[in-house]
Amino acid sequence: METSSRKCLEFVKNYVIGDQCVFDSGLVVDDSLEFAKTVEIRGRRFSMTLQSISGRNRQRVFAIPASLRLYNELQRLGFTMILLTGRDEHKRSSTIKNLLISGYSGYERLILREPSDHGKIAKVYKSEKRKELENEGYRIHGNSGDQWSDLFGSPIATRSFKLPNPMYYIA
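Here it is as structure tokens:
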């Protein structure tokens, strides 16, 4: 058992600090951008993409280069950017600061977990927030995230893109 744990730890370590995670993230972003270029945008308010941001318990969050490339290219294509995170509302100012330092700016909205959302699993919380956005008239063309809970649940995007993250799992 201990040998398996060591092998797993070594694999994840090499994956994360080596080139493979960067390469895999780049492939997902390339697929996302290919799809985005096919979307016909009809008015700023009705076209959007969601990007889930990680690092909910860390003070400092660094952008994954491929994710930042996706974000910037989607903005250039005219998508409305809405960021949805499981971080708590009381961390708004530090989250905004981290986003700016990491290169994320010009987003339409940053959605954080409010006190009424505490106790909800991530899939339920994010599904409810996506439904609220649709009720406001947004159409969710694309959704990317590093957790399955970022992508599952209803409503879903026209296309969803799972970024690699072997470090942790959020239900």
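Residue numbers (this note's numbering): 157 to 327.
For each residue, glycine too, the CB sits at the ideal point set by N, CA and C.
(message) Taking CB distances under 7 Å as the criterion, tell me whether Leu-266 reaches chain B.
(response) The question asks about chain B, but that chain is absent: this structure has only one protein chain.
(message) Could you check whether Glu-290 and Glu-270 sit closer than 7 Å to each other, using their CB atoms as the reference points?
(response) No. Outside cutoff.
(message) Rounded to whole angstroms, what is the Cα-Cα separation between Thr-194 and Ile-238?
(response) 20 Å
(request) Go through its chain and collect everything with a Cβ distance to Leu-266's Cβ below 6 Å, but skip five positions before and after it. (result) Leu-239
(message) For the structure I just gave you, are there three or more beta carbon pairs, one from the segment 170 to 189 and one from the segment 220 to 232, closer than 8 Å?
(response) Cβ pair count under 8 Å is three or more, so yes.
(message) Relative to the C-alpha of Ser-283, which candidate in Gly-309, Leu-268, Gly-259, Glu-264 has its C-alpha closest?
(response) Gly-309
(message) Which residues does DSSP list as the beta-bridge partners of Met-323?
(response) Bridge partners of Met-323: none, in fact.
(message) Using the Cβ count rule (16 or more neighbours within 10 Å means buried), how would you classify Phe-167?
(response) exposed
(request) Can you say whether Cys-164 is buried or exposed, counting buried as having 16 or more other CB atoms within 10 angstroms of its CB? (result) exposed
(message) Bridge partners for Phe-191 per DSSP, in chain order?
(response) Looking at the DSSP assignment, Phe-191 forms no beta bridge with any residue, so it has no partner.
(request) Check His-297 in the structure and name its three-state DSSP category. (result) strand
(request) With Thr-241 as the anchor, note down where its beta strand (DSSP E) starts and where it stops. (result) That run of the beta strand (DSSP E) goes 236 to 244.
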